[in-house]
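One structure is given here, and the rest of the page talks about it.
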Amino acid sequence: MTTTHAVAHGLRLPPGQRAVEGFPRFGTHLHHPAPEIPADHVIEVGGAVRAPFSVSPADLARLPRRELTADFHCVAGWSAVDLRWEGVGFDDFYRDVLAPALDPAAAVTHVVFRGLDHHRSVVTLEDALAGDVLLAENLDGRPLDSDHGAPVRLVSPSQYGFVSTKHLSRIELLTAPPTGSHGSLALRLLEEHPRARVWEEERHGTLPGRWVRPVYRLLVPPLRALCAWGRSGPREAVEQ
Ligand SMILES: Nc1nc2c(c(=O)[nH]1)N[C@H]1C(S)=C(S)[C@@H](COP(=O)(O)O)O[C@H]1N2
Ligand SMILES: [Mo]
1 MTTTHAVAHG
11 LRLPPGQRAV
21 EGFPRFGTHL
31 HHPAPEIPAD
41 HVIEVGGAVR
51 APFSVSPADL
61 ARLPRRELTA
71 DFHCVAGWSA
81 VDLRWEGVGF
91 DDFYRDVLAP
101 ALDPAAAVTH
111 VVFRGLDHHR
121 SVVTLEDALA
131 GDVLLAENLD
141 GRPLDSDHGA
151 PVRLVSPSQY
161 GFVSTKHLSR
171 IELLTAPPTG
181 SHGSLALRLL
191 EEHPRARVWE
201 EERHGTLPGR
211 WVRPVYRLLV
221 PPLRALCAWG
231 RSGPREAVEQ
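Each residue of the sequence shown is one higher than the last, beginning at 1 in UniProt numbering.
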């Protein structure tokens, strides 16, 4: 078992983060209910492989299990502390499942993770193989619920939460960074940072992370109020 609530630079949390009680359902999806999970749910694999294939829960169950206790950091400044995840290490998954299926001529540089709700994240291969990245099926000793990404999600605790795609349905292996479609400067400033490392405060594209902190500070309370008002359940919810 690995524990990575790193105390780096003398800080308990990465710069600009504040701890919240419990683990709210975060995300860019709050106005949608969690997606339906098909009974025969699988993770499709595509991109630089000899032939596309899919990975079933039974395939995952054959791989070594890993437990990881870590804090979880949303780019909007909220951190949930000491979450206990359990699943398959992405490095083991890569070695045992993805690497043998690769097109021999391909040099993979990036991995794309897609969720059932069409959320997607892009991770460099180096960051994906960092050792603290999991395909997680359990949280705090129980199977993931729909708020937190059932039946399986990515968890990359050293990167902002938007990387940790929930309800994982597809993995694509790329041999070059995906080409962005963002034309305008404003959009480029605001796009997700390609590495999104929390201790480096890599929040957004080309803006220094600390510049966007005050914007989130202002935006988050009204968004939280709106979300709480819009949801029937008792759970707390915050945007981004
Ligand atoms: N499929 C999917 N995964 C997602 C999101 C989403 O909207 N859909 N939001 C991301 C964001 S912005 C955050 S902070 C985390 C929140 O995880 P949680 O809802 O389990 O707290 O999920 C990430 N993964
Ligand atoms: Mo987030």
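Cβ atoms here follow ideal geometry from the backbone N, Cα and C, with glycine treated the same way.
Taking each of Leu-173, Leu-134 and Asp-147 in turn and checking the Cα distance to His-110, the smallest one comes out for Leu-173. A Cβ-Cβ contact shorter than 8 Å links Ala-101 with Val-45.
Between the C-alpha atoms of Glu-36 and Pro-52 there is a straight-line separation of about 24 Å. Using a C-beta cut-off of 8 Å, the segment 114-122 makes no contact with the segment 63-72, since fewer than three inter-stretch Cβ pairs fall below that distance. Looking at the backbone, the Cα of Pro-143 and that of His-119 are separated by about 21 Å. Among the bridge pairs identified by DSSP, Ala-39 is matched with none. Relative to ligand 1, the nearest heavy atom lies less than 7 Å away from the CB of His-148. Look at Arg-66 here: in three-state DSSP terms it is strand.
At a cut-off of 7 Å, the beta-carbon of Pro-24 counts as near ligand 1: some heavy atom of the ligand is closer than that. At least 8 Å separates the beta-carbon of Val-152 from that of Gly-89. By the Cβ neighbour-count rule, His-32 is exposed, with fewer than 16 other Cβ atoms within 10 Å of its own. Here the distance from the Cβ of Gly-141 to the nearest heavy atom of ligand 2 is not below 7 Å. Taking 7 Å as the cut-off, one finds no heavy atom of ligand 2 near enough to the beta carbon of Gly-115.
Annotation for Arg-210: Pro-15, Gly-16 and Glu-201 place their beta carbon closer than 8 Å to its own, counting only its chain and skipping 5 residues before and after. Within the chosen limit of 7 Å, ligand 1 reaches the beta carbon of His-119 through at least one heavy atom. Taking all protein chains shown into account, Gly-77 has 16 or more neighbouring C-beta atoms within 10 Å of its C-beta and is therefore buried. Here Gly-161 really is in contact with His-73; their C-beta atoms are around 6 Å apart, less than 8 Å.
Shown here, Ala-105 sits in coil according to DSSP, grouped into three states, outside any helix or strand. As the crow flies, the alpha-carbon of Ala-70 is around 8 Å from that of Trp-85. Per DSSP, the beta-bridge partners of Gly-115 are Leu-168. Comparing C-alpha distances from Glu-126 to each of His-167, Phe-23, Pro-57 and Pro-194 shows the shortest one belongs to Pro-194. With contacts defined by Cβ atoms closer than 8 Å, Thr-175 and Ala-106 form a contacting pair. Beta bridge pairing from DSSP links Ala-150 with no other residue. Linking Gly-149 to Val-42 through their CA atoms gives a straight-line distance of about 14 Å.
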